[in-house]
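Read the structure below first, then the notes.
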């Protein structure tokens, strides 16, 4: 009997240790910034983009003389904004000014990454673009993976023309529960990114894309998130692709649907 108690004690102690590690180091499991400093991005030159640092905002800007809209991109949790120059290629046929927003805590700045500061700075950038938009061009927000929650929250706080989401989730807690059903994530998580609640405040049309074979954020999350938006909305599921290859495998479908989504606006 003593052996059983010893085993139970060891198992309990191990489980508590896992909980402690998850709680105190959870940012390390959620945010994966690269080691590159913001602005150290040689490849942006071929896209005629410019690194901008204004106040505490940082982003890469690609402007076109005859642009008819703005697209602000909020990237996923790994790497940095420089890694997302593929959005310049993906949307090159759109006559759009494009911004790749860099998160606080990424690109070797002094901040600590987190939900609150991400949302604050993302809204600040969007409002800055709206203020410096003399031609009153429509503004679209594009979120990728973790960035879908950021874009959704901003879209619920300020008026935009449309919201484009790639690999959306309902909340980080729900995603974590899917991967770690044995962890009490609801009690442990600090950065919740409750995109399901934020979606209810969005009035702009929404276009979602998701890879059917995504095993990081399964497609069921976009299906559920679609129901949380109250206005015009569409989910396009792309076969034979997962999470990290969605943009490349689904390139043609994403380009066509995004062009139609933007061009149909008056």
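In this note's numbering, the protein residues as written are 8 to 273. Using N, Cα and C, we set each Cβ at its ideal position, and we do this for glycine too. Keep in mind that this is a model prediction, so the values were computed, not measured.
Does the structure place the stretch 176 to 185 close enough to the stretch 198 to 205 that three or more beta carbon pairs sit under 8 Å?
yes
Report the start-end ranges of each alpha helix (DSSP H) in the stretch 109 to 158 that is 4 residues or longer and not cut off at the edges.
122 to 138
What residues in its chain sit with their C-beta under 7 Å from that of residue 154, if we drop five residues either side in the sequence?
81, 82 and 83
Does the Cβ of residue 93 have 16 or more other Cβ atoms within 10 Å, making it buried, or fewer, making it exposed?
exposed
DSSP on residue 231, reduced to helix/strand/coil?
helix
Taking the alpha-carbon positions, what's the residue 106 to residue 45 distance?
14 Å
Would you mind sorting residue 57 into buried or exposed? The rule is 16 or more other CB atoms within 10 Å of its CB.
Using a 10 angstroms sphere on the CB of residue 57, the tally of other CB atoms stays under 16, which defines it as exposed.
On the three-state DSSP scale, how would you describe residue 28?
Its pLDDT being 49, under 50, residue 28 is placed unreliably by the model, and the measurement read from it follows with that caveat. Here residue 28 sits in helix by DSSP.
Which residue marks the beginning of the alpha helix (DSSP H) containing residue 260, and which one marks its end?
258 to 270
Would you say residue 155 reaches chain C, if we count a Cβ-Cβ gap shorter than 8 Å as a contact?
Among the chains of the structure shown, chain C does not appear; only one protein chain is present.
In angstroms with no decimal places, state the Cα-to-Cα distance between residue 269 and residue 144.
12 Å
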